[in-house]
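A short worksheet on the structure shown next.
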Amino acid sequence: RGLLSNRLLLALLTVSLLPLAVMGYATYQSAAGAIEQQAQQQLETVNTITAKAVARYFESMEEQLRITADNRMTLEALEAFSNGYGKILADDTLTDDTISQARKDLATYYNGEFATEFEKQTGTNAPTTALLENLPDQAAYLQYLYIRRNENPLGSKELLNAADDGSAYSAAHALYHPIFRSFLKRLGIYDFFLIDAESGTIVYSVYKELDFCTSLKNGSFSGTNFGHVFQEAISGGRRDAVAFADFETYLPSYQAAASFIAAPIYDGRKVRGVAVFQLPIDRMTEIIGETTGMGDTGETYAVAADGLFRSQSRFADELGVESTIINPQVKVDTVAVHSALDEGTTGTA
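Per our numbering, residue -3 is the first one in the sequence shown, and the count goes up by one each step.
Laid out in structure tokens, this is it:
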């Protein structure tokens, strides 16, 4: 009898506990689902906020460029630099021997400071010989004045207000360069350029990298995203048009990722030149790299049509690379990315 009562008690307990277990499991599933849904909603909110922040950044850069290109002072500066560039070799004191020596001195910069820094940052050798051979005499002489003979260190060439050669170009530089330099620093862009529409010559640059005074029509960098955005700007046919070039590695900037936006500079109905901003990828990475609300494993990143990152991943170390930006070693191949690129959808993964 005692055994029977024990069995009955066990059966009752089992029957009683079974509904409780079912209820507990159902409650757990419901809670887990709610937590997962909340996390998904939070990720989607972060994604939306980040996308809007990136869009606002590019929109603000485009608007600032439109204002700059439409400013009368910008046109006057373009004309002064273009005229100065055209007359730089007209000085009677500039003999063939003087220009030849300037080229030799410039070559020491290309093969010395620049080549050393290029190899340090990229691990490869810069094609300095080809770059030098493609420089016309005007470009070589102005690079000599504003880069080679510039006593400011590498990365600080913008500190020189004007060379002391007494040329019309340097007179224009003394007038406009401090204004554009201050403007660039306030805006937080990488560089600012003025380009002559007819020749494609970069007649002005704040930072004076090796693209300074080269032609975007037939020079060493005409085939880059910089060259493409220049061509798009002069052929757009609209005063308020702004051309955009995606981030790509750019040799004058030591193969750092560079994006360019360009706007035509009009004089009446004629396009006289192009104003260009070189945008640093750091700002976009800063916006996208914000991890608030992402937990320990979530992240937002930018990927272009080539499947390569356009921002620095917070998990670069885990991926075994120093940088994920335009790095073919870490191509992104996920369903979410394909959906966004192929179908224009948004969401989280």
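Note that beta-carbon positions come from the ideal geometry of N, C-alpha and C, so glycine has one too.
Just so it is clear, the structure is predicted and the values come from calculations on it, not from any experiment.
(request) Could you tell me whether any Cβ in chain D is nearer than 8 angstroms to the Cβ of VAL326? (result) Note that chain D does not occur in the displayed structure, where there is just one protein chain.
(request) Give the DSSP-derived three-state secondary structure of VAL328 in the structure shown. (result) The DSSP-derived three-state label of VAL328 is coil.
(request) Using only alpha-carbon positions, find the residue among THR124, TYR297 and ILE198 that is nearest to GLY82. (result) The residue with the shortest Cα to Cα distance from GLY82 is ILE198.
(request) Please confirm if the segment 170 to 183 is in contact with the segment 228 to 238, defined as three or more CB-CB distances below 8 angstroms between the two stretches. (result) With contact defined as three or more Cβ pairs closer than 8 angstroms, the segment 170 to 183 and the segment 228 to 238 are not in contact.
(request) Drop a sphere of 10 angstroms on the beta-carbon of ARG268, count the other beta-carbons inside from all chains shown, and report buried for 16 or more, exposed for fewer. (result) Per the 10 Å Cβ criterion, buried.
(message) Can you give me the C-alpha to C-alpha distance between LYS48 and THR281, rounded to a whole angstrom?
(response) In this structure, the alpha-carbon of LYS48 lies about 14 angstroms from that of THR281.
(request) At 4 residues or longer, and completely inside the segment 136 to 196: list those alpha helix (DSSP H) runs for me, N to C. (result) Within the segment 136 to 196, the complete alpha helix (DSSP H) runs of at least 4 residues are 164 to 183.
(request) Specify, as a first and last residue, the run of the alpha helix (DSSP H) that THR124 falls within. (result) Note, THR124: alpha helix (DSSP H), 124 to 129.
(request) Give the range of the beta strand (DSSP E) segment to which LEU275 is assigned. (result) Boundaries of the beta strand (DSSP E) harbouring LEU275: 266 to 276, taken from the DSSP string.
(message) Here's a check: name, in chain order, each residue in its chain whose Cβ is nearer than 8 angstroms to the Cβ of ILE283, leaving out the five neighbours to either side.
(response) If we look at ILE283 and ignore the five residues flanking it on each side, its Cβ neighbours are THR46, ALA49, VAL50 and TYR53.
(message) Is it buried or exposed, PRO149, if we count other Cβ atoms within 10 angstroms and call 16 or more buried?
(response) Looking at its Cβ environment, which holds fewer than 16 other Cβ atoms inside 10 Å, PRO149 is exposed.
(message) Please state whether the Cβ-Cβ distance between ALA135 and CYS209 is less than 8 angstroms.
(response) In this structure, ALA135 sits near CYS209, with a CB-CB distance shorter than 8 angstroms.
(request) Leaving out five residues on either side along the sequence, give the residues of the same chain with a beta carbon under 6 angstroms from the beta carbon of GLY196. (result) Contacts found: SER211, LEU212 and LYS213.
(request) For ASP263, name the three-state secondary structure that DSSP assigns. (result) Here DSSP, grouped into helix, strand and coil, assigns ASP263 to strand.
(message) Within 8 angstroms, do at least three Cβ pairs link the segment 104 to 121 to the segment 60 to 74?
(response) Taking 8 angstroms as the limit for Cβ pairs, the verdict is that the segment 104 to 121 does not touch the segment 60 to 74.
(request) Using a threshold of 8 angstroms, state whether the C-beta atoms of ASN157 and GLY215 are closer than that. (result) No; because the gap between Cβ atoms is not below 8 angstroms, this pair is not in contact.
(request) Inspect the beta-carbon positions of ALA159 and SER166 and report whether they are closer than 8 angstroms. (result) Between ALA159 and SER166, the C-beta spacing is below 8 angstroms.
(request) Assign GLN349 to one of two classes, buried (16 or more other C-beta atoms within 10 Å of its C-beta) or exposed (fewer than that). (result) No answer is possible for residue 349: it lies beyond the span of the chain, which begins at -3 and ends at 345.
(message) I'd like to confirm something about ALA73: is its beta-carbon nearer than 7 angstroms to some heavy atom of the ligand ZN, or not?
(response) Ligands displayed in this structure: none; no statement on the ligand ZN is therefore possible.
(request) Pull up the DSSP beta-bridge partners for PHE240, would you. (result) Partner(s): ILE257.
(message) Can you look up ILE84 in the DSSP assignment and give me helix, strand or coil?
(response) Three-state DSSP puts ILE84 in coil, outside helix and strand.
(message) On the criterion of 16 or more Cβ atoms from any shown chain inside 10 Å, does LEU141 qualify as buried, or is it exposed?
(response) Around the beta-carbon of LEU141, 16 or more other beta-carbon atoms lie within 10 Å, marking it buried.
(message) With a threshold of 7 angstroms on Cβ separation, who are the neighbours of LEU183 within its own chain once the five nearest residues in sequence on each side are excluded?
(response) Cβ neighbours of LEU183 beyond the five flanking positions: GLN60.
(message) To the nearest angstrom, how far is the alpha carbon of VAL225 from that of PHE217?
(response) Near 12 angstroms, if we compare the C-alpha coordinates of PHE217 and VAL225.
(request) With a 10 Å radius around its C-beta and 16 neighbouring C-beta atoms as the bar for buried, classify LEU155 as buried or exposed. (result) LEU155 comes out exposed.
(request) Go through its chain and collect everything with a Cβ distance to ARG145's Cβ below 8 angstroms, but skip five positions before and after it. (result) The residues ASP101 and ALA159, in chain order, have a CB closer than 8 angstroms to that of ARG145 in the same chain once the five nearest residues on each side in sequence are set aside.
(message) What would DSSP say about LEU4, mapped onto helix, strand or coil?
(response) Confidence is the limiting factor: at LEU4 the pLDDT is only 45, short of 50, which leaves the residue's position unreliable, though a coordinate-based value still follows. Note: LEU4 maps to helix in three-state DSSP.
(request) Would you check if the distance between the CB atom of PHE243 and the CB atom of ILE277 is smaller than 8 angstroms? (result) Taking 8 angstroms as the Cβ cut-off, PHE243 and ILE277 qualify as a contacting pair.
(request) Tell me where the alpha helix (DSSP H) around TYR200 begins and ends. (result) Membership of TYR200 in any alpha helix (DSSP H) is not indicated; the residue belongs instead to the beta strand (DSSP E) covering 198 to 201.
(message) Could you give the first and the last residue of the continuous alpha helix (DSSP H) run that contains ASN221?
(response) Annotation: the continuous alpha helix (DSSP H) that includes ASN221 extends over 221 to 230.
(request) State the beta-bridge partners of ALA252 as determined by DSSP. (result) For ALA252, the beta-bridge partners assigned by DSSP are TYR246.
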